[in-house]
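Residue numbers (the UniProt record's numbering): 1 to 713.
Shown next as structure tokens:
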């Protein structure tokens, strides 16, 4: 019997040998001084039985015939970087573990040279931990440290260079043993080399019933981003589930910015073979760097008692949909082949429309020539400002089409179009155009939502409200179940969420389902409410959740949703209902109670809730037990629902002009301030123009074909 360390080493030696890494590639460890590169490198080298090279000790000091600190003192900061780079350019090795100096990445030519024959692993250690380590070691050779420039400034400045060069990030929390870090490095390199580990399946596919052909045609992240909906009508999910973060890793993100948290989380969810880490960082920075009006991107604000608001409306179109839809268009543009044009189909109950139009209209001009989006929305089923905004957000590659029906028709129609192989095949052959989806049925839409739920919890820890590990409840106004599913995924990845509370309006099919296990649409008609984004009867993302708790039983999921489609109802087995009720609780709120909550909160706090957040507030008040904090997702800015808000504030006469309504709201000097981005959008375009069509599949398909002809041909 081999001991675990010996067995582990032999497994890794065997794996690397079989993948022909040793003898060709190096493992290059990069990170700030004090990250543990040298110690980790020695352990990794021992496990792999390969040479270990420390750039400081084995290259620089040998080349210069003096210590690094002496050289730095002798020539100064700028000349030191140049001399260090020259030494790196003369260096070559293969099949080795190489520990870089903390300043090597600041010399571009040197890094380009060494990266050619290696996989660069970034040991990302929180700045506070690095500062503590360096202080205890009394290190005196930090390149760039000088009077007037603090150690923290030096470390922050260097991060831009580390982000530029790494292939893999190994995130290291506080007090993590070097042995553990070394195993993380090896795991990360194995993942980097083997994208076969991260494939996707449909919620309606059966593991036992899959054919050899299906197994051979593996789908990866880039495939499911493009395809949107599975060919069998199911939704894509990762075959091996989502990555897990340790408590130490989460705690290492407490001091991080929102963008830094997003990068770490999304890198673990998206394989670098699909999108390299450096490109992903560029996309995330583009999505959240300047397009959000709040520097914290998704701030958490105390409301009252144990209730906190997660403000998700600081994006350009004033709703939580911006988090996904400022990011997804860039992911999509990167993933798609250059040989085809793509038309994105979207159905919206309100906020998705303007968010997806805005997001895809921000693509580079070359991408806009080959990627367009059409947004279908219920013509009379959204708020006046939402409608004006969707019309205003139309651009040369982005259009809105009003449908004389409700959201459920729009969503069902899109699903049917995707599964109509005759129509999709015709578009591909005749026009070289492929259809794809950007609704929350697209897997890529869910990942950015996981980030803000995790970030909200970390913010409460950072603010000293709770210590890490203490539970929180989350309450979300819920329609299509995507936002709720993302919160549940954050819980699975290690965020200590206790209960996920689903808040519905009078379209409370989901609430009844969670309480009884019966999903019943028979005799149900959609009710127009003051919270139109959750005026939904068919919750698409519920399918992903049921697939998860049913142990990925695709046959059962197929049976349930076929029954819903054909008979208008289904019922969960008792054991599955028990699992569901361990995770979820639910309640609903009338329009009257929604408006009363807006008035009450404003009267007591000076804060104006939007109508959807008010629904969640009412349900949270009813269902929370006040034994832990509860985070209420504030999914939209109240400016988007001005008539309802003015009515809640008991304004007798309401001007029907959306701009006049916003100006009136701004006179209240409430918190949060009026959403000026929304105001400016409406000022620029006035009423605008858009197409309207009947609730008929053939009419919708005709519209799609005409738009393709006009844009791509």
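Where is the CB? At the ideal position from N, CA and C, for every residue including glycine.
{"Item": "Residue 593 - containing alpha helix (DSSP H), residue span", "Value": "591–605"}
{"Item": "Own chain, CB closer than 8 angstroms to residue 166, minus 5 neighbours either side, in chain order", "Value": "30, 120, 121, 122, 277, 278"}
{"Item": "Beta carbon of residue 427 nearer than 8 angstroms to that of residue 433", "Value": "yes"}
{"Item": "Counterpart residues of residue 468 in DSSP-defined beta bridges", "Value": "DSSP output for residue 468 lists no bridge partner at all."}
{"Item": "Which listed residue (597, 553, 257) has its alpha carbon closest to that of residue 239", "Value": "553"}
{"Item": "Limits of the beta strand (DSSP E) - the one that residue 520 falls within", "Value": "518–520"}
{"Item": "Proximity winner among 152, 589, 442, relative to residue 234 (alpha-carbon distances)", "Value": "442"}
{"Item": "Start and end residues, beta strand (DSSP E) containing residue 638", "Value": "No beta strand (DSSP E) contains residue 638, which DSSP labels as neither H nor E."}
{"Item": "8 angstroms CB neighbourhood of residue 211 in its chain, flanking five on each side removed", "Value": "Low confidence applies here, because residue 211 scores a pLDDT of 42, under 50, leaving its location unreliable; read the following figure in that light. Hits under 8 angstroms: none found."}
{"Item": "Exposed unless 16 or more other CB atoms sit within 10 angstroms - verdict on residue 50", "Value": "buried"}
{"Item": "Nearest-angstrom beta carbon gap, residue 481 and residue 539 [assumed within contact, 8 angstroms]", "Value": "4 angstroms"}
{"Item": "Pair within 8 angstroms by beta-carbon distance, residue 531 and residue 594", "Value": "yes"}
{"Item": "Anticipated Cβ contact below 8 angstroms, residue 199 with residue 218, distance rounded", "Value": "5 angstroms"}
{"Item": "Distance CB(residue 562)-CB(residue 537) smaller than 8 angstroms", "Value": "no"}
{"Item": "Backbone CA spacing between residue 604 and residue 395 [nearest angstrom]", "Value": "42 angstroms"}
{"Item": "Same chain, Cβ closer than 7 angstroms to residue 712, neighbours up to 5 away in sequence not counted", "Value": "341, 431, 433"}
{"Item": "Rounded C-alpha distance that separates residue 627 from residue 149", "Value": "46 angstroms"}
{"Item": "Under the three-state DSSP convention, the category residue 424 falls into", "Value": "helix"}
{"Item": "Spatial neighbours of residue 214 in its chain, beta-carbon cut-off 8 angstroms, leaving aside the 5 residues before and after", "Value": "Note that residue 214 scores a pLDDT of 47, beneath 50, so its modelled location is shaky and nothing firm can be said."}
{"Item": "Simplified DSSP state of residue 211, which is helix, strand or coil", "Value": "No answer about residue 211 holds up, because its pLDDT of 42 lies below 50 and its placement is not dependable."}
{"Item": "Touching by the beta-carbon criterion (3+ pairs, under 8 angstroms), the region 578–590 and the region 508–528", "Value": "yes"}
{"Item": "For residue 242 and residue 631, the rounded distance between their alpha carbons", "Value": "23 angstroms"}
{"Item": "Sequence-distant residues of its chain with Cβ nearer than 8 angstroms to residue 393 (five each side left out)", "Value": "317, 353, 354, 357, 358, 361, 400, 681"}
{"Item": "The region 39–55 in contact with the region 96–116 per 3-pair CB rule at 8 angstroms", "Value": "yes"}
{"Item": "Helix, strand or coil at residue 170 [DSSP, three-state]", "Value": "strand"}
{"Item": "Environment of residue 547 [buried if 16+ CB atoms lie within 10 Å]", "Value": "buried"}
{"Item": "Sequence-distant residues of the same chain with beta carbon closer than 8 angstroms to residue 659, five excluded per side", "Value": "679, 682, 683"}
{"Item": "Assigned secondary structure, residue 176 (DSSP; H/G/I helix, E/B strand, else coil)", "Value": "coil"}
{"Item": "Cα-Cα separation between residue 622 and residue 599, rounded to whole angstroms", "Value": "17 angstroms"}
{"Item": "8 angstroms Cβ shell around residue 569 - same chain, five flanking residues per side excluded", "Value": "518, 519, 520, 521, 522, 563"}
{"Item": "Sequence ranges, alpha helix (DSSP H) only - wholly within the region 510–571, length at least 4", "Value": "542–549, 554–567"}
{"Item": "Opening and closing residue of the beta strand (DSSP E) in which residue 498 lies", "Value": "497–504"}
{"Item": "Element boundaries [beta strand (DSSP E), containing residue 347]", "Value": "341–347"}
{"Item": "Whether residue 484 touches residue 497 by CB criterion (8 angstroms)", "Value": "no"}
{"Item": "Proximity of residue 346 and residue 313 at Cβ, strictly below 8 angstroms", "Value": "no"}
{"Item": "DSSP three-state assignment for residue 765, whether helix, strand or coil", "Value": "This structure does not reach residue 765, given that the chain is present from 1 up to 713, and the question cannot be answered."}
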